Structures are given as C-alpha cells and as structure tokens.
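Residue numbers (the UniProt record's numbering): 1 to 160.
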C-alpha cells in the first residue's frame, strides 16, 4: 500500500497514464482538471512513492515477426533454494522469456511466457536453452491459439 491514501485525482492520473504513457503533462492536467504544475508534482510523488514504476512503449509482437506466444510449465527436480536461484538467474538471461513466475497449485514450479518467430526457433530454445538448465525435470508447453484479452492496465476500482 502507498504511504498516503490515493485520492480521486491520483486515481485519475493513474488511469490516464496507464492508457497513454506518452501523454504530455499539459494534456494530462487538462484531462484531470488540474493546472500543469500541481499535476506534475503529483506525478512526481507517485513516481517517488514507487506506485509509478516505469514508462514503457508497447510493441506489436506480430508486426515484429514474433507471432507465436507460448506458455511453458516447468518443474524442477527439487525446490531447494539453490535450484530455484539457478533457474531464475538463468531464465532472466533469455530475451524470449517475457514473463516468469514461481507458481503453486499445479504440477509445475514455474510458468513462463515466451514469444517466438517460428517453431524451429522454439525447438532450438527448448533443446538448447531450457533443457540445459540444471535441475529442470519436466517441461509442458501450451501454445496460444488466440489472445482473447491482454492488458498492462491494472484495475483501480478498489481505490476510493
């Protein structure tokens, strides 16, 4: 939770910059009904508090020649801290991996999401990278047929 509660204006700022991170301070101030200086101060406070982590540009995966999205469930031979650390350190070095989470409640220890240009690239990734990580005991793959919804926008409806 943030140090101080977020008010209606903070929430509006977060909604607007989630929708368009490239919005100018002037346009943001106009949309939320503040003058530019107080608006800029509030954005700075949200950044300093860690609520705003970063500003990024979202790219079109297919337009860049990466049409294949794959979810991969990975099990380790044991969940010892050294095995987990080894896996996590190695997986962070693979640019194809766009998400990685340690998970519970299933047959896998990790769920990763990768993007690929084609099946031969995936085969190489699987055989030359994933299978070579010390401690990996099982790999199960699910290919995305159609992306139904995908967003980076966090829900803010719980903020009063």
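Backbone N, C-alpha and C define an ideal beta-carbon position, used for all residues, glycine too. Keep in mind that this is a model prediction, so the values were computed, not measured.
According to DSSP, is residue i helix, strand or coil?
| i | result |
| --- | --- |
| residue 1 | Because the pLDDT at residue 1 is just 44, under 50, the model does not fix this residue reliably, and the point stays unresolved. |
| residue 121 | helix |
| residue 150 | coil |
| residue 114 | strand |
| residue 49 | coil |
| residue 30 | helix |
| residue 86 | helix |
| residue 64 | coil |
| residue 59 | coil |
Check whether the Cβ atoms of residue i and residue j lie closer than 8 Å to each other.
| i | j | result |
| --- | --- | --- |
| residue 135 | residue 73 | no |
| residue 125 | residue 114 | yes |
| residue 156 | residue 15 | yes |
| residue 36 | residue 26 | yes |
Could you give the C-beta distance for residue i and residue j, rounded to a whole number, given that I count them as a contact under 8 Å?
| i | j | result |
| --- | --- | --- |
| residue 137 | residue 76 | 6 Å |
| residue 70 | residue 143 | 5 Å |
Name the one or two DSSP bridge partners that residue i has.
| i | result |
| --- | --- |
| residue 99 | 113 |
| residue 139 | 74 |
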